[in-house]
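What follows is one structure encoded as structure tokens, with my remarks underneath.
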Amino acid sequence: MLFQVQMTVKLPTDMPSNQAAEIKAKEKAYSQELQHAGKWRHLWRVAGSYENVSVFDVEDNAELQEIISGLPLFPYMEINVKPLCRHPSSVHDGDA
Ligand SMILES: O=C(O)C[C@H]1C=CC(=O)O1
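Numbering-wise (the UniProt record's numbering), the sequence shown opens with residue 1 and increments by one.
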């Protein structure tokens, strides 16, 4: 199942920079592991903001919830999830 996930990062302004750097490093490692595993299929920065648009390929809603709630930045993000299905005019196969 494919999902578009939009994540907007809102770190507290008073968070010490070393703590922020540590969380971001953990987030990077976590996201890269999931990208290598094929679960996090796309990761795009929204130009001009601390926000990304991602596409996840997961078994079900429960797996998406497990992945998202495991994000080190999860407590500091606004997250919007949209389920995706194949567009009838798409020339790509159903595998997105
Ligand atoms: O920077 C972000 O958009 C937040 C998050 C998503 C992947 C990652 O490494 O950080």
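Yeah, the Cβ is synthetic: ideal placement off N, Cα and C, and Gly gets one too. Keep in mind the model is a prediction, meaning the values are calculated, not measured.
Throw me the rounded Cβ distance for the residue i and residue j pair, which I believe falls under 8 Å.
i         : j           : result
valine 55 : arginine 41 : 5 Å
lysine 39 : valine 9    : Rounded, the Cβ-Cβ distance is 20 Å, inconsistent with contact.
Mind checking which residues open and close the beta strand (DSSP E) that includes residue i?
i            : result
histidine 36 : Histidine 36 -> not in any beta strand (DSSP E); alpha helix (DSSP H) instead, spanning 17-36.
glutamate 59 : Where glutamate 59 is concerned, there is no enclosing beta strand (DSSP E), given that its DSSP letter is neither H nor E.
valine 5     : 2-9
lysine 82    : 77-84
histidine 42 : 40-45
Under 9 Å, do residue i and residue j count as touching if we go by C-beta distance?
i             : j             : result
methionine 7  : methionine 77 : yes
leucine 11    : leucine 73    : yes
isoleucine 68 : valine 81     : yes
proline 83    : leucine 2     : yes
Please confirm whether any heavy atom of ligand 2 lies closer than 8 Å to the CB of residue i.
i             : result
asparagine 52 : This structure simply doesn't include ligand 2; it includes ligand 1 instead.
Which same chain residues end up closer than 7 Å to residue i when comparing Cβ atoms and leaving out the 5 residues on each side of it in sequence?
i          : result
leucine 43 : Ser31, Gln35, Asn52, Ser54
lysine 26  : Pro72
Output needed for residue i: all residues of its chain with C-beta closer than 8 Å, excluding positions within five of it in sequence on either side, in chain order.
i          : result
alanine 21 : none
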